[in-house]
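Numbering (our numbering), first residue to last: 83 to 345. Here a beta-carbon is modelled for each residue, glycine too, at the ideal position from N, C-alpha and C. Data block below; observations after.
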(Lines of atoms letter the chains of each structure in order from A and count residues from 1; the text may use other names and numbers.)
(Lines give C-alpha, C1' and ligand atoms only; values in the text may rest on other atoms or scores of the structure.)
Protein backbone atom coordinates (compact mmCIF):
# COMPACT_ATOMS: atom_id res chain seq x y z
CA UNK A 1 0.00 0.00 0.00
CA UNK A 2 1.58 3.26 -1.14
CA UNK A 3 0.56 6.85 -0.50
CA UNK A 4 1.57 8.08 -3.95
CA UNK A 5 2.68 6.91 -7.36
CA UNK A 6 6.41 6.95 -7.94
CA UNK A 7 7.45 9.00 -10.96
CA UNK A 8 10.13 7.61 -13.25
CA UNK A 9 11.81 11.01 -12.83
CA UNK A 10 12.07 10.68 -9.06
CA UNK A 11 15.63 11.10 -7.83
CA UNK A 12 15.17 8.30 -5.35
CA UNK A 13 14.54 5.87 -8.18
CA UNK A 14 17.27 7.23 -10.45
CA UNK A 15 20.08 8.00 -7.99
CA UNK A 16 19.09 6.51 -4.65
CA UNK A 17 18.72 10.14 -3.52
CA UNK A 18 16.77 9.59 -0.34
CA UNK A 19 16.49 7.73 2.92
CA UNK A 20 14.07 5.56 4.84
CA UNK A 21 13.18 3.96 8.13
CA UNK A 22 11.26 0.77 8.88
CA UNK A 23 9.06 0.56 11.96
CA UNK A 24 7.39 -2.22 13.87
CA UNK A 25 3.64 -1.76 14.34
CA UNK A 26 2.35 -3.47 17.45
CA UNK A 27 -1.38 -3.55 18.30
CA UNK A 28 -2.00 -0.72 15.85
CA UNK A 29 0.69 1.57 17.26
CA UNK A 30 4.16 2.56 16.09
CA UNK A 31 7.03 1.42 18.31
CA UNK A 32 10.07 3.55 19.16
CA UNK A 33 8.78 6.50 17.10
CA UNK A 34 11.08 8.99 18.85
CA UNK A 35 14.09 6.94 17.74
CA UNK A 36 12.83 6.73 14.17
CA UNK A 37 12.16 10.47 14.12
CA UNK A 38 15.74 11.20 15.18
CA UNK A 39 16.98 8.86 12.44
CA UNK A 40 14.92 10.68 9.80
CA UNK A 41 16.00 14.09 11.06
CA UNK A 42 19.67 13.08 11.07
CA UNK A 43 19.41 11.79 7.50
CA UNK A 44 17.62 14.96 6.39
CA UNK A 45 20.42 17.11 7.80
CA UNK A 46 23.32 14.97 6.56
CA UNK A 47 21.92 14.73 3.03
CA UNK A 48 21.03 18.42 2.87
CA UNK A 49 17.29 17.98 2.41
CA UNK A 50 15.02 20.99 2.99
CA UNK A 51 12.80 21.09 6.07
CA UNK A 52 10.27 18.28 6.29
CA UNK A 53 6.86 18.31 7.94
CA UNK A 54 7.45 15.57 10.48
CA UNK A 55 4.17 16.33 12.26
CA UNK A 56 2.26 15.38 9.12
CA UNK A 57 4.53 12.39 8.51
CA UNK A 58 3.80 11.13 12.03
CA UNK A 59 0.06 11.70 11.59
CA UNK A 60 0.00 9.75 8.34
CA UNK A 61 2.13 6.98 9.82
CA UNK A 62 -0.24 6.71 12.79
CA UNK A 63 -3.19 6.48 10.40
CA UNK A 64 -1.62 3.56 8.55
CA UNK A 65 -0.57 1.86 11.78
CA UNK A 66 -4.04 2.13 13.31
CA UNK A 67 -5.43 -0.10 10.55
CA UNK A 68 -3.00 -2.90 11.33
CA UNK A 69 -2.34 -5.18 14.26
CA UNK A 70 1.20 -6.49 14.01
CA UNK A 71 2.81 -5.12 10.87
CA UNK A 72 5.80 -3.34 9.34
CA UNK A 73 5.56 0.29 8.23
CA UNK A 74 8.21 1.77 5.96
CA UNK A 75 8.63 5.52 5.46
CA UNK A 76 10.69 6.49 2.41
CA UNK A 77 11.67 10.08 1.66
CA UNK A 78 13.25 11.12 -1.65
CA UNK A 79 14.46 14.46 -2.93
CA UNK A 80 11.62 14.40 -5.45
CA UNK A 81 11.89 15.13 -9.17
CA UNK A 82 14.11 17.43 -11.18
CA UNK A 83 17.68 18.46 -11.70
CA UNK A 84 19.97 17.65 -14.59
CA UNK A 85 21.93 14.49 -14.06
CA UNK A 86 23.31 14.46 -10.54
CA UNK A 87 22.71 18.22 -10.21
CA UNK A 88 19.99 19.28 -7.79
CA UNK A 89 16.84 21.07 -8.92
CA UNK A 90 16.57 24.74 -8.04
CA UNK A 91 13.46 24.05 -6.00
CA UNK A 92 13.59 20.76 -4.11
CA UNK A 93 10.20 19.24 -3.27
CA UNK A 94 10.76 16.01 -1.34
CA UNK A 95 8.40 13.09 -1.82
CA UNK A 96 7.21 10.93 1.07
CA UNK A 97 6.06 7.36 0.52
CA UNK A 98 4.65 4.95 3.06
CA UNK A 99 4.04 1.25 2.70
CA UNK A 100 2.76 -1.32 5.14
CA UNK A 101 3.25 -5.07 5.09
CA UNK A 102 2.55 -8.06 7.28
CA UNK A 103 4.85 -8.85 10.17
CA UNK A 104 7.12 -11.75 9.10
CA UNK A 105 6.05 -14.73 11.19
CA UNK A 106 9.51 -16.26 10.92
CA UNK A 107 10.69 -13.49 13.24
CA UNK A 108 8.66 -14.98 16.10
CA UNK A 109 10.70 -18.17 15.87
CA UNK A 110 13.92 -16.18 15.45
CA UNK A 111 13.22 -14.30 18.69
CA UNK A 112 12.38 -17.47 20.60
CA UNK A 113 14.81 -20.05 19.23
CA UNK A 114 17.54 -17.96 17.65
CA UNK A 115 19.13 -17.62 14.21
CA UNK A 116 22.02 -19.21 12.38
CA UNK A 117 24.95 -16.90 11.68
CA UNK A 118 27.73 -17.16 9.11
CA UNK A 119 30.69 -15.02 8.06
CA UNK A 120 30.37 -12.89 4.94
CA UNK A 121 32.94 -13.15 2.17
CA UNK A 122 31.92 -9.78 0.74
CA UNK A 123 33.40 -6.75 2.50
CA UNK A 124 31.61 -3.51 3.34
CA UNK A 125 32.96 -0.29 1.89
CA UNK A 126 34.45 1.99 4.52
CA UNK A 127 34.81 5.73 4.90
CA UNK A 128 31.50 7.00 3.50
CA UNK A 129 30.16 10.17 5.11
CA UNK A 130 26.69 8.63 4.95
CA UNK A 131 27.48 5.15 6.24
CA UNK A 132 25.54 5.49 9.48
CA UNK A 133 22.23 6.53 7.90
CA UNK A 134 19.77 4.45 5.90
CA UNK A 135 20.04 5.87 2.41
CA UNK A 136 18.25 4.24 -0.52
CA UNK A 137 21.56 2.79 -1.74
CA UNK A 138 21.35 -0.77 -0.34
CA UNK A 139 23.08 -2.77 -3.08
CA UNK A 140 25.70 -4.05 -0.65
CA UNK A 141 22.96 -5.47 1.54
CA UNK A 142 21.12 -7.00 -1.43
CA UNK A 143 24.25 -8.92 -2.43
CA UNK A 144 25.02 -9.87 1.17
CA UNK A 145 21.50 -11.23 1.61
CA UNK A 146 21.99 -13.31 -1.53
CA UNK A 147 25.22 -14.63 -0.02
CA UNK A 148 23.44 -15.49 3.24
CA UNK A 149 20.66 -17.31 1.41
CA UNK A 150 23.12 -19.29 -0.71
CA UNK A 151 25.06 -20.21 2.46
CA UNK A 152 21.91 -21.45 4.19
CA UNK A 153 22.12 -19.07 7.16
CA UNK A 154 19.77 -16.38 8.43
CA UNK A 155 22.41 -13.68 8.81
CA UNK A 156 26.10 -12.97 8.30
CA UNK A 157 28.82 -11.22 10.25
CA UNK A 158 29.86 -8.44 7.87
CA UNK A 159 33.34 -6.94 8.07
CA UNK A 160 34.83 -3.87 6.41
CA UNK A 161 37.85 -3.75 4.10
CA UNK A 162 40.11 -3.71 7.17
CA UNK A 163 38.59 -7.00 8.41
CA UNK A 164 36.90 -5.22 11.31
CA UNK A 165 33.51 -6.53 12.42
CA UNK A 166 30.74 -4.08 11.54
CA UNK A 167 27.21 -5.53 11.59
CA UNK A 168 24.85 -8.15 10.21
CA UNK A 169 23.26 -7.99 6.77
CA UNK A 170 20.21 -6.09 8.03
CA UNK A 171 21.00 -5.97 11.71
CA UNK A 172 23.37 -4.69 14.33
CA UNK A 173 25.56 -7.30 15.96
CA UNK A 174 26.35 -7.77 19.65
CA UNK A 175 28.37 -10.37 21.48
CA UNK A 176 29.00 -11.02 25.15
CA UNK A 177 32.08 -12.05 27.11
CA UNK A 178 31.60 -12.26 30.85
CA UNK A 179 29.44 -9.30 31.87
CA UNK A 180 30.44 -7.08 28.94
CA UNK A 181 28.47 -6.54 25.73
CA UNK A 182 30.58 -5.66 22.70
CA UNK A 183 29.55 -4.01 19.45
CA UNK A 184 31.17 -2.06 16.63
CA UNK A 185 31.51 1.70 16.98
CA UNK A 186 30.37 1.91 13.32
CA UNK A 187 33.13 4.37 12.54
CA UNK A 188 33.18 4.47 8.75
CA UNK A 189 30.80 1.63 7.96
CA UNK A 190 27.49 0.20 9.10
CA UNK A 191 24.08 1.56 10.03
CA UNK A 192 23.27 2.88 13.49
CA UNK A 193 19.98 1.07 14.05
CA UNK A 194 17.22 2.36 16.29
CA UNK A 195 17.18 -0.89 18.27
CA UNK A 196 20.93 -0.56 18.77
CA UNK A 197 20.40 2.94 20.13
CA UNK A 198 17.65 1.65 22.41
CA UNK A 199 20.14 -0.82 23.86
CA UNK A 200 22.84 1.83 24.28
CA UNK A 201 20.38 4.10 26.08
CA UNK A 202 19.13 1.37 28.41
CA UNK A 203 22.17 -0.77 29.13
CA UNK A 204 22.79 1.40 32.21
CA UNK A 205 19.67 -0.17 33.73
CA UNK A 206 20.97 -3.69 33.10
CA UNK A 207 23.51 -5.84 34.96
CA UNK A 208 25.86 -5.50 31.99
CA UNK A 209 28.45 -3.09 30.66
CA UNK A 210 28.83 -2.01 27.04
CA UNK A 211 32.02 -1.54 25.06
CA UNK A 212 32.06 0.02 21.59
CA UNK A 213 35.15 -0.28 19.45
CA UNK A 214 36.90 -1.97 16.55
CA UNK A 215 36.97 -5.74 16.73
CA UNK A 216 38.04 -8.74 14.68
CA UNK A 217 36.08 -11.87 13.83
CA UNK A 218 38.12 -13.77 16.43
CA UNK A 219 36.46 -11.67 19.13
CA UNK A 220 33.02 -12.82 18.02
CA UNK A 221 34.17 -16.44 17.77
CA UNK A 222 35.30 -16.31 21.42
CA UNK A 223 31.98 -14.90 22.68
CA UNK A 224 29.81 -16.53 25.33
CA UNK A 225 26.67 -15.25 23.62
CA UNK A 226 25.81 -13.48 20.35
CA UNK A 227 22.66 -11.64 19.35
CA UNK A 228 21.41 -9.30 16.65
CA UNK A 229 18.93 -6.45 16.49
CA UNK A 230 16.86 -4.44 14.07
CA UNK A 231 13.71 -2.37 14.40
CA UNK A 232 11.33 -5.13 13.30
CA UNK A 233 13.04 -8.21 14.70
CA UNK A 234 13.97 -6.25 17.85
CA UNK A 235 16.44 -8.66 19.53
CA UNK A 236 17.16 -12.24 18.48
CA UNK A 237 19.81 -14.63 19.83
CA UNK A 238 22.26 -16.52 17.66
CA UNK A 239 21.97 -20.27 18.16
CA UNK A 240 24.62 -21.41 15.66
CA UNK A 241 27.87 -19.75 14.60
CA UNK A 242 31.22 -21.06 13.36
CA UNK A 243 30.22 -24.71 13.96
CA UNK A 244 29.27 -23.93 17.55
CA UNK A 245 25.80 -24.15 19.08
CA UNK A 246 24.53 -21.72 21.70
CA UNK A 247 21.74 -22.72 24.07
CA UNK A 248 21.59 -19.96 26.69
CA UNK A 249 20.87 -16.33 25.85
CA UNK A 250 20.55 -14.43 29.17
CA UNK A 251 21.64 -11.02 27.85
CA UNK A 252 19.44 -11.15 24.78
CA UNK A 253 16.49 -12.27 26.92
CA UNK A 254 17.04 -9.33 29.27
CA UNK A 255 16.72 -6.81 26.44
CA UNK A 256 13.85 -8.72 24.85
CA UNK A 257 11.90 -8.36 28.07
CA UNK A 258 12.78 -4.68 28.33
CA UNK A 259 11.67 -3.79 24.80
CA UNK A 260 8.31 -5.56 25.17
CA UNK A 261 6.91 -2.55 26.98
CA UNK A 262 8.74 0.15 25.02
CA UNK A 263 6.64 2.55 22.96
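Quiz item: Is DSSP giving residue 191 helix, strand or coil here?
Solution: Reduced to three states, the DSSP call for residue 191 is helix.
Quiz item: Measuring CA to CA, which of 312, 259 and 339 is closest to residue 306?
Solution: The residue with the shortest Cα to Cα distance from residue 306 is 259.
Exercise. Would you tell me roughly how many angstroms separate the C-alpha atoms of residue 84 and residue 168, rounded to the nearest one?
Key: With a pLDDT of 45 at residue 84, under the threshold of 50, the modelled position of that residue is not reliable, and no figure is offered here.
Practice problem: Answer with buried or exposed for residue 317, where buried requires no fewer than 16 other C-beta atoms within 10 angstroms of its C-beta. | Solution: By the Cβ-count criterion, residue 317 is buried, with 16 or more other Cβ atoms from all chains shown falling within 10 Å of its own Cβ.
Exercise. To the nearest angstrom, report how far apart residue 292 and residue 91 are at their CA atoms.
Key: Approximately 45 Å, taken between the alpha carbons.
Quiz item: Looking at residue 253 and residue 200, is the spacing between their C-beta atoms short of 8 Å?
Solution: Result no, Cβ atoms of residue 200 and residue 253 do not sit closer than 8 Å.
Quiz item: Are residue 193 and residue 100 close, meaning C-beta to C-beta below 8 Å?
Solution: Contact flag unset, no.
Exercise. Kindly indicate which three-state DSSP category residue 315 falls into: helix, strand or coil?
Key: Looking at residue 315 - three-state DSSP - the assignment turns out to be coil, as it is neither helix nor strand.
Exercise. Could you tell me the distance, in whole angstroms, from the CA atom of residue 144 to the CA atom of residue 187?
Key: In this structure, the alpha-carbon of residue 144 lies about 22 Å from that of residue 187.
Quiz prompt | Own chain partners of residue 132 with C-beta closer than 6 Å, once the 5 adjacent residues on each side are dropped | solution = Hits under 6 Å: 174.
Quiz item: Is it right to say residue 246 is buried, meaning 16 or more other beta carbons lie within 10 angstroms of its own, or is it exposed?
Solution: It is buried - the Cβ of residue 246 has at least 16 other Cβ atoms within 10 Å.
Quiz item: So what does residue 198 bridge to, in DSSP terms?
Solution: In the DSSP assignment, the residues bridged to residue 198 are 322.
Self-check item: Helix, strand or coil at residue 230 according to DSSP, with G and I counted as helix
Solution: If DSSP states are grouped into helix, strand and coil, residue 230 belongs with the helices.
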